[in-house]
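Just so you know, the sequences run in chain order A and B.
Letter by letter, the first sequence follows residues 1494 to 1619 in our numbering.
Letter by letter, the second sequence follows residues 39 to 222 in our numbering.
These notes concern the structure reproduced below.
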Amino acid sequence: MIDFEKELKKALEKNGDFNVSKSETLRKEIVQMHFDKKLRRTKLFFGIYFLLSLGITGAGYIGLRSATDTRGMFLWLILFMIGFNSTILMKLWYWVVNTKLSILKEIKELQLQIADQAGKKLPVES
Amino acid sequence: MRKSRSQIYDELLILKCQTGDKAAFEELVERWEKRLWHYAYKVTGSDSAAWDIAQETWVGIIKGIGKLGDAAIFPGWAFRILNNKCADWLRKCHLQSRLDNELSIQAQNELGVKQNINVNSELLYTAITKLSLEQRSLLMLRYHEGFDISQIAEILGAPEGTVKSRLHRTLNQLRRMVERCQND
Chain A
1494 MIDFEKELKK ALEKNGDFNV SKSETLRKEI VQMHFDKKLR RTKLFFGIYF LLSLGITGAG
1554 YIGLRSATDT RGMFLWLILF MIGFNSTILM KLWYWVVNTK LSILKEIKEL QLQIADQAGK
1614 KLPVES
Chain B
39 MRKSRSQIYD ELLILKCQTG DKAAFEELVE RWEKRLWHYA YKVTGSDSAA WDIAQETWVG
99 IIKGIGKLGD AAIFPGWAFR ILNNKCADWL RKCHLQSRLD NELSIQAQNE LGVKQNINVN
159 SELLYTAITK LSLEQRSLLM LRYHEGFDIS QIAEILGAPE GTVKSRLHRT LNQLRRMVER
219 CQND
């Protein structure tokens, strides 16, 4: 790196006054207001989706039991199948995402351990 | 390419955040907030704006972190959000030219306080504040954050060739500004 670039790096490193107490307040606000809010919203979304799927399944089942003609039975059966499959799909998707994330987490933890070991000096053999 | 321990740890925190781990998110914010704030401060030149932009950036990060496919791209992605927020802020205020004047006054005042830095650094510091948002962003990303050209191109949404030529032009402009100041 040439001198000018080194000087430039030095000039850019000069910090403004980073207010630590303000940063703590901001951090709490971000975590409590936005992160928690998003988690609640996600849970609510899945709750509604699950209830809706259950509702469709239930309605399909009741309709199927009470239908008298073949065409009606067939339509109620389709509705029942859609509701039933959507609950299964949701659970399957949740399982796939969770498994993927937990595997990735394990890999990262292993990489961390390797990086830690690589950073340590090996004992000198006598 | 071998990753540092810190990079791997950040990636682990991001994965934990994606599973809804509040403590991990808090730690991620703690590890990154100063970097993001510093960038916003350097680009906008305003302390309060930097805090607002940093907060808005974190909200953007919260919204999108679940959809982030690869945790390794987090730095570039976060800086892209931050850079867009900085650009939005400047656009909203229509203050580019006024801001440049304010910044140069502010920089002059700060120079009076900071006496233990050498002349070249001082001149550079003043000259940087006179550059445009785009040029300041480029310099910060390249020389402060240490991103390579391809990463900067991704953050700024411009082709690599354009980034290279802009960076070259900015460095030349900065050199000329410093030389002019030294001659005065």
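Quick reminder that beta carbons are idealized off the backbone N, C-alpha and C, glycines included.
By alpha-carbon positions, which one of the options ends up nearest to residue i?
i               : options                            : result
residue 1600(A) : 87(B), 50(B), 219(B), 45(B)        : 50(B)
residue 1548(A) : 1527(A), 1524(A), 1517(A), 1580(A) : 1580(A)
residue 211(B)  : 165(B), 181(B), 185(B)             : 165(B)
residue 112(B)  : 185(B), 126(B), 207(B)             : 185(B)
residue 1554(A) : 1571(A), 1542(A), 1585(A)          : 1571(A)
residue 179(B)  : 205(B), 98(B), 162(B)              : 205(B)
residue 194(B)  : 41(B), 122(B), 45(B)               : 122(B)
residue 1569(A) : 1563(A), 1562(A), 1556(A), 1578(A) : 1556(A)
residue 1541(A) : 1583(A), 1591(A), 1510(A)          : 1583(A)
residue 1502(A) : 96(B), 192(B), 183(B), 45(B)       : 183(B)
residue 162(B)  : 96(B), 209(B), 41(B)               : 209(B)
residue 96(B)   : 1532(A), 1564(A), 1522(A), 1535(A) : 1522(A)
Drop a sphere of 10 angstroms on the beta-carbon of residue i, count the other beta-carbons inside from all chains shown, and report buried for 16 or more, exposed for fewer.
i               : result
residue 1587(A) : exposed
residue 93(B)   : buried
residue 216(B)  : buried
residue 214(B)  : exposed
residue 48(B)   : buried
residue 181(B)  : buried
residue 1612(A) : exposed
residue 1500(A) : buried
residue 1539(A) : exposed
residue 151(B)  : In this prediction, residue 151(B) has a pLDDT of 43, which is less than 50 and means its spatial position is unreliable; what the coordinates show is noted afterwards. When all chains shown are included, residue 151(B) counts as exposed.
residue 55(B)   : buried
residue 1576(A) : buried
residue 1545(A) : exposed
residue 84(B)   : buried
residue 220(B)  : exposed
residue 1596(A) : exposed
residue 154(B)  : With a pLDDT of 43 at residue 154(B), under the threshold of 50, the predicted position of this residue should be treated as unreliable, and no value is reported.
residue 1510(A) : exposed
residue 1537(A) : exposed
residue 167(B)  : buried
residue 1585(A) : exposed
residue 1496(A) : exposed
Would residue i pass as a contact of residue j if the rule is Cβ separation under 9 Å?
i               : j               : result
residue 1573(A) : residue 1550(A) : yes
residue 69(B)   : residue 1609(A) : no
residue 72(B)   : residue 1516(A) : yes
residue 124(B)  : residue 91(B)   : yes
residue 109(B)  : residue 53(B)   : yes
residue 117(B)  : residue 74(B)   : yes
residue 57(B)   : residue 1603(A) : no
residue 160(B)  : residue 1524(A) : no
residue 171(B)  : residue 128(B)  : yes
residue 1519(A) : residue 89(B)   : yes
residue 1605(A) : residue 46(B)   : yes
residue 192(B)  : residue 98(B)   : no
Starting from residue i, find everything on chain C with Cβ-Cβ shorter than 8 Å and list it in chain order.
i             : result
residue 68(B) : Of the protein chains in the structure, A and B, none is chain C.
(Q) Could you check whether the segment 80–93 of chain B touches the segment 168–184 of chain B, counting it as contact only if at least three pairs of C-beta atoms, one from each stretch, sit closer than 8 Å? (A) yes
**Q.** Cβ contact check for the segment 94–106 of chain B and the segment 195–202 of chain B: 3 or more pairs under 8 Å
**A.** no
Q) Enumerated in chain order, which unbroken segments of the alpha helix (DSSP H) with a length of 4 residues or greater are wholly contained in the segment 1524–1582 of chain A? A) 1529–1559
Q) Quick one: complete alpha helix (DSSP H) runs, 4+ long, within the segment 182–220 of chain B? A) Entirely contained in the segment 182–220 of chain B, the alpha helix (DSSP H) runs reaching 4 residues are, in chain order, 187–194.
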